[in-house]
Amino acid sequence: MQEVVRKLPTSTMTLQMGPSHPASHGTSKFTVELDGETILAIDIEFGYLHRGFEKMCENVTWTQVVPYTDRLNYVSPLINNVGFYMAVEKIAEVKVPERALYIRTIISEMSRICDHLTCVAATAMELGGLSIFFYMIKARDRIWDLIEDITGARLTVSYVRIGGVMNDLPLDFAEKWKPVRSLVLAMLHDVDVMLTKNRIFIDRMRNTGIINGETAMAYGLTGPMLRGSGVKFDIRKASPYLVYDRVEFDVPVGAKGDNFDRYVVRMQEIKYAVSIIDQCLAQIPDGPFITDDPRLALPDKGSVYGSIEGTVDHFMHIMFGIQVPKGEAYSYVEGGNGELGFYVVSDGKGKPYRVRVRPPCFANLSALPTMITGALLADLVPTFDSINMIGGEIDR
Amino acid sequence: MPAQYYPMLMIIALAGLIAASMLTLATLMGPYRPSKQKGEPFECGSPSRGSLHQRFSVKFYIVAILFILFDIEIVFIYPWAIQFMSLGMLAFVEMMIFIAVLVAGLAYVWKKGALEWEE
Amino acid sequence: MTLAEVIIRLVMVALAIGLLMSIAPLLTWGERKWSALAQDRVGPNRAAIELAGKSITLNGLLYPLADGLKMIFKEDFMPTRGEKFLHFVSPWLAVFPALAVVAVIPLGARVNLFGHEIPMQVADLDAGILYLFAFASLSVYGSTLAGWASNNKYGLLGSLRTSSMLISYEVAMGLTLVGLMMTVGSLRLSDIVEYQQGTMLGFLPRWGIFMQPFGALLFFVSAFAETKRAPFDLPEAESELVAGYFIEYSGMKFGMFYLGEFVEVVTGACLFAVLFFGGWQLPWASSEAYYNPLVVGIGGFISTAYLVFFVITLLGLPLRDPRIQFAIAAGGFLGGAGLALLSGAEGLLGPKGGVLGLILSNGPELAKLLMSLMVFTMKILILCWFHILLRWTYPRFRYDQVMKLGWKMLLPAALVNLVVTGIVLLIIR
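Protein chains in written order, with my numbering: chain A, 149 to 544; chain B, 101 to 219; chain C, 814 to 1242.
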């Protein structure tokens, strides 16, 4: 058979997939060199969602950057909020109140659940299991309902502030969390039954898109992709921020680094995220949710209307922005897809001098050609989905 | 042609007619406003590169050849299968030999790698 | 043929095609509703007709109509660089064989009404199964040529996948039925149905699925693959090939591929019911049981109640409502009593003259006809439902996995099935 194929060479076919292609999510383009169904070479183009996030940040005040960060990884905007302001807080050397740290942890984990749910759901859908997509999106929607309760918005949350968060958790948050929690866990069980032991799904995911730990590290992969390849690295453990050192959770790792490993890692992480939220809710102390440092936080409405200092303070904050002292900092959090880093430079003039974001999918996507060359065209779909490229983040 | 086939012709004619009427209906009723861009082949919004009318991978042809071989051999089995109860042991043994040849053929193409589509 | 025979045959042709052309569009709606049920959604329910100030939606039943109208009046697009003629005829090639397959399927029992023998089958061919295979394989051309003629790379890949997948599964499908042919000893579908009456081993209905359980499974898988629907929908896998072989089709021509697929689901269900679920036969009973008023009554009750239930669930009416439950029971009771009366009235009342007498004397045959039609419809609906249930449960295969399943699993398994069947038959003979 091999010699027959060699004797009868066929010209290859150049197939362009995307941007207007169901699998490319509208934000990327693959130019694939095909021999029959086998991928010989792949060229990835992205940037269709470029809006100049980093440049835009230089023209707005520190507070006005939050809405922009929402639109980075639009599936888990809360983690972006947290990540960005952690960098700013590093420069300003502000002490964030305990309660705010817990709230930030809770919302980060809720966002992580959304992120993983979306990723697994999209994978299932693009492999043809549309029902599973609906189950997972239903669970995600219930979490978004909760996020709406907390922040007032479902997607464009803009919740985090320098030195804390916008407002406190709703009083009945713990009660509202319970049904959502059980729904998420029940859904995970359903999906486990429908996918994890499904022969077709296993066949599609196992041994496709393999990347070993060494290569993964060489490419700078982080997050579930790196852990799927067997490297036990999670920023929440390696360099604990917020209150991750006070909660118990494990870092799931895969063995082979194929799509199935990444899928399992994500499913496990959803379970750990649920448990982290539970622990945080048990531990969360009472207290302020934002720092009382008048340089950095808006005064409360009572003092704005009731005292001249408050009014002036409010006026200065709104008109000239929060004056973050001169300095620069790099801060990193574990985003849905890996290390989400913000490098921020302040010249002390009320606006960021330079903002640089390290989107995890940028590094993750760069490994796609290695993972997919030589595989079949159909493997591109689960591999690309398990990378979970988010257009808003990678194109910035 | 025996009488039992006439109704079959009727249904073939009717099915053909229904399908054809759907086709003509589609052509007659809808608007037709062609344009250069519309006529381009869809390739996710990018201009198509390279030609389509080229040689496909030989694997596809091999599937077709295998299909013809095996399908014909299976048709050989049918008359025997219908008369199976009246033919008895000898015919069974003979058919087993035939099937053994068939299996040998299958094993051969299997081993040759004609049934591999992965690489 | 006499004139009466010709008329009977024409009516049968209309009935068979009518059955397909009514179930298939209904199935497009049923699929949406069933998938909505599977996915915790409401499903489509907005298409409405405004009538006397009221909008009638029928729980989305009007969607097939709306779709049909939309498709007919949509632009019939033609790619400039494609093969015009082949592009034009491929939808025809996809629909026509799918419709013609129904010719040999016995839809109900053969009865003798008003002095005429009425076979509930368009053509009772002695080579019925061969006819089926012949026409089923013709539909390969439709999808293959469609992709090739569109001059589109996605279309081409889709059509290559279709052709190689469909012909591979045809080999397996042809071989899976050999076991059944050996058992029954005929290719005539009416013989196969006749054979599946009564019981086997004392407690099982003598249906193909019990005589040939393994063969039935293999046949189901390969027949499923022939319909090109998920998990075998890789020719049109939307996440890879966008739409596959019909990517350059719009309007009614696309609709024809879509319809052809659903017609294939219905004919596939018909075929499976005929070959492995006893066709129009009642389980455990012989076909003579159709003359027993009691059996017809009970059967009529169950099947009418089921059909009422079926319509009610699809109309979205609440099953918990006692009135609805009453309606199901009443429908079943009316159906059962009516059929039992029709079947047994002459025996009770004795021979009568006039029109009444004519109807009564044909009553048992008429009851048998109606009953067998209902039983067969019920089987088809259940199988279609099962088909759609699977389609919304499983993810899609990959091309090489499908080919491997066809050649390396189904084909050898069918051969083993053949040999084992032969040995068992020789032993028990």
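Cβ coordinates follow ideal geometry from the N, Cα and C atoms, glycine included.
What in chain E is Cβ-close to residue i, meaning under 9 Å?
i: G205 of chain B; result: The chain inventory of the structure shown lacks chain E, comprising the protein chains A, B and C.
Check this for me: beta carbons of residue i and residue j, under 9 Å apart or not?
i: M1216 of chain C; j: S963 of chain C; result: no
i: L1203 of chain C; j: P1044 of chain C; result: yes
i: I112 of chain B; j: A913 of chain C; result: yes
i: M335 of chain A; j: Y283 of chain A; result: yes
i: V391 of chain A; j: F232 of chain A; result: no
i: V213 of chain A; j: R252 of chain A; result: no
i: T439 of chain A; j: P245 of chain A; result: yes
i: L374 of chain A; j: G357 of chain A; result: no
i: K177 of chain A; j: I187 of chain A; result: no
i: G1064 of chain C; j: D889 of chain C; result: yes
i: I942 of chain C; j: L979 of chain C; result: no
For the alpha helix (DSSP H) that residue i lies in, which residues bound it at each end?
i: V1079 of chain C; result: G1064 to F1089
i: D1004 of chain C; result: L1002 to Y1008
i: H929 of chain C; result: First-last for H929 of chain C: H929 to I931, but that is the beta strand (DSSP E), not the alpha helix (DSSP H).
i: I197 of chain B; result: M189 to K212
i: M161 of chain A; result: Per DSSP, M161 of chain A belongs to no alpha helix (DSSP H); it is in the beta strand (DSSP E), M161 to M165.
i: R247 of chain A; result: E246 to E274
i: S279 of chain A; result: L278 to T299
i: G992 of chain C; result: V991 to V997
Exposed or buried, what is residue i when buried is set at 16 or more other beta-carbons lying within 10 Å of its beta-carbon?
i: A204 of chain B; result: exposed
i: S207 of chain A; result: At residue 207 of chain A the sequence reads Asn, which differs from the Ser that was named. Exposed: under 16 other Cβ atoms inside 10 Å.
i: R822 of chain C; result: buried
i: D1222 of chain C; result: Looking at the sequence shown, residue 1222 of chain C is not Asp but Met. M1222 of chain C comes out exposed.
i: M189 of chain B; result: exposed
i: A164 of chain B; result: exposed
i: S387 of chain A; result: exposed
i: E1269 of chain C; result: As shown, chain C starts at 814 and ends at 1242. That puts residue 1269 of chain C outside it, with no answer to give.
i: K212 of chain B; result: exposed
i: N536 of chain A; result: buried
i: T394 of chain A; result: For clarity, residue 394 of chain A is Arg in the given sequence; the question names Thr instead. Label assigned to R394 of chain A: exposed.
i: T815 of chain C; result: exposed
Output the distance between the C-alpha atoms of residue i and residue j, rounded to the nearest integer angstrom.
i: P500 of chain A; j: M467 of chain A; result: 15 Å
i: R329 of chain A; j: L202 of chain B; result: 58 Å
i: P1248 of chain C; j: V1034 of chain C; result: Since the first residue of chain C shown is 814 and the last is 1242, residue 1248 of chain C is not available in this structure.
i: A301 of chain A; j: L275 of chain A; result: 31 Å
i: V819 of chain C; j: L1120 of chain C; result: 32 Å
i: A1086 of chain C; j: Y944 of chain C; result: 17 Å
i: I162 of chain B; j: D1213 of chain C; result: 14 Å
i: L1132 of chain C; j: L1169 of chain C; result: 39 Å
i: D293 of chain A; j: F1067 of chain C; result: 39 Å
i: A189 of chain A; j: S956 of chain C; result: 29 Å
i: N1175 of chain C; j: E983 of chain C; result: 43 Å
i: C1197 of chain C; j: T1206 of chain C; result: 14 Å
i: K138 of chain B; j: V332 of chain A; result: 45 Å
i: N512 of chain A; j: N485 of chain A; result: 8 Å
Could you give the residue range of the beta strand (DSSP E) that holds residue i?
i: D183 of chain A; result: S176 to D183
i: N925 of chain C; result: V924 to L926
i: G1213 of chain C; result: Per the sequence presented here, residue 1213 of chain C reads as Asp, with Gly not at that position. No beta strand (DSSP E) contains D1213 of chain C, which is instead part of the alpha helix (DSSP H) from Y1212 to K1217.
i: S868 of chain C; result: K867 to I869
Going by Cα to Cα distance, which pick from the options is closest to residue i?
i: G498 of chain A; options: A:E181, A:C205, A:P167 and A:I187; result: A:C205
i: R1001 of chain C; options: C:Q1094, C:S1116, C:R1209 and C:L1088; result: C:L1088
i: L1182 of chain C; options: C:D853, C:P932, C:G843 and C:Q1009; result: C:P932
i: Q1138 of chain C; options: C:F1123, C:E983, C:A940 and C:L1072; result: C:F1123
i: F1189 of chain C; options: C:T1117, C:Y954 and C:G1015; result: C:T1117
i: V1076 of chain C; options: C:V915, C:R859 and C:K883; result: C:V915
i: P147 of chain B; options: B:K136, B:S157 and B:F156; result: B:K136
i: S121 of chain B; options: C:V908, C:R845, C:S868 and C:L899; result: C:V908
i: L128 of chain B; options: C:F886, C:L1239, C:A879 and C:L839; result: C:F886
i: F408 of chain A; options: A:S423, A:P436, A:S377 and A:D434; result: A:S377
i: G166 of chain A; options: C:A1227, C:E1053 and C:K846; result: C:E1053
i: D1046 of chain C; options: C:W905, C:P838, C:L990 and C:I1201; result: C:I1201
i: A774 of chain C; options: C:P1048, C:G1081 and C:L970; result: Only positions 814 to 1242 of chain C appear in this structure, which leaves residue 774 of chain C out of reach.
The ligand ADP and residue i: does any heavy atom of the ligand fall closer than 8 Å to the residue's C-beta?
i: A269 of chain A; result: The ligand ADP is not part of this structure, which contains no ligands at all.
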